[in-house]
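Note that my numbering has the sequence shown beginning at 1, numbered continuously upward. Here's the structure we're looking at; comments come further down.
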Amino acid sequence: AFLQWADDSKVITKIFSDARVQEICEFTCATAADSGDGDGLPSLRMTFPHFLQAMVRCAVERANPRWRRDESGRLTTGLLATYLIPVPDCLGRFLYNCVLRFSPRDPGLAFSQQLLHDEQAK
Numbered sequence: 001a002f003l004q005w006a007d008d009s010k011v012i013t014k015i016f017s018d019a020r021v022q023e024i025c026e027f028t029c030a031t032a033a034d035s036g037d038g039d040g041l042p043s044l045r046m047t048f049p050h051f052l053q054a055m056v057r058c059a060v061e062r063a064n065p066r067w068r069r070d071e072s073g074r075l076t077t078g079l080l081a082t083y084l085i086p087v088p089d090c091l092g093r094f095l096y097n098c099v100l101r102f103s104p105r106d107p108g109l110a111f112s113q114q115l116l117h118d119e120q121a122k
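Here's what the structure looks like:
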């Protein structure tokens with residue numbers, strides 16, 4: 001489901017591939033299982049806080065594609081990385097350019113607004 005969301009939101013690019021999104025999803029789910037959330041068994045289910053964590057990780061890693069995560073989850077420089085775009089800037093760009101712009105919308109709200117203003121329905 002997380003990969004589908006990433007694809008729908010246009011998070012995946014040539015540089016920031018679906019394999020990297022999958023790694024973020026698996027890492028977030030593994031840390032959730034290690035932290036005592038759930039039954040301790042590895043799974044790809046995410047709670048809302050872990051979804052937000054994965055989304056922030058996607059934002060940072062997408063804005064800084066030359067940085068990589070080590071085994072502990074910390075970002076480390078690659079050979080060509082010289083600077084790191086800060087998290088608030090990454091998240092702002094990510095939300096504006098991907099998530100809020102391309103995420104699927106629920107048509108139920110538009111229908112309920114039409115129904116509210118429809119005289120025949122009253």
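Even glycine gets a Cβ: it sits at the ideal position worked out from N, Cα and C. If you're wondering where the values come from, they're calculated on a predicted model, not measured in any experiment.
Legend entry - Reduced DSSP category for Arg69 - H, G, I as helix; E, B as strand; rest coil: Indexing the sequence shown from 1 puts residue 69 at position 69. Three-state DSSP puts Arg69 in a strand.
Inset, instruction - Indicate whether the contact test is met: 3 or more Cβ pairs, each with one atom in the region 20-33 and one in the region 100-117, closer than 8 Å. - result: no
Inset, instruction - Can you say whether Ile24 is buried or exposed, counting buried as having 16 or more other CB atoms within 10 angstroms of its CB? - result: One-based indexing of the sequence shown puts residue 24 at position 24. Buried.
Inset, instruction - Evaluate the contact criterion for the region 47-54 versus the region 80-94: three or more CB pairs, one atom per stretch, below 8 Å. - result: no
Legend entry - Presumed contact (8 Å Cβ cut-off) between Arg66 and Leu75, rounded CB distance: Here residue 66 refers to the residue found at position 66 of the sequence shown. Here residue 75 refers to the residue found at position 75 of the sequence shown. Actually they do not touch by this definition, with Cβ atoms about 10 Å apart.
Legend entry - Through-space distance from Gly108 to Val87, alpha-carbon basis: Residue numbering aside, residue 87 sits at position 87 when the sequence shown is read from its first letter. Residue numbering aside, residue 108 sits at position 108 when the sequence shown is read from its first letter. If I take the Cα positions, the gap works out to 34 Å.
Legend entry - Residue(s) in a DSSP beta bridge with Leu76: Counting from 1 along the sequence shown, the entry for residue 76 is found at position 76. It is worth fixing the name first, because residue 76 is Thr in this sequence and not Leu. For Thr76, which the question treats as bridged, DSSP gives the partners Arg68.
Inset, instruction - Helix, strand or coil for Asp7, going by three-state DSSP, please let me know. - result: For the purposes of this step, residue 7 is taken as the residue at position 7 of the sequence shown. When secondary structure is reduced to three states using DSSP, Asp7 falls in the helix class.
Inset, instruction - Report yes if the C-beta distance between Arg57 and Phe94 is below 8 Å; otherwise report no. - result: In the sequence shown, residue 57 corresponds to position 57, counting from 1. In the sequence shown, residue 94 corresponds to position 94, counting from 1. Cβ atoms of Arg57 and Phe94: not closer than 8 Å.
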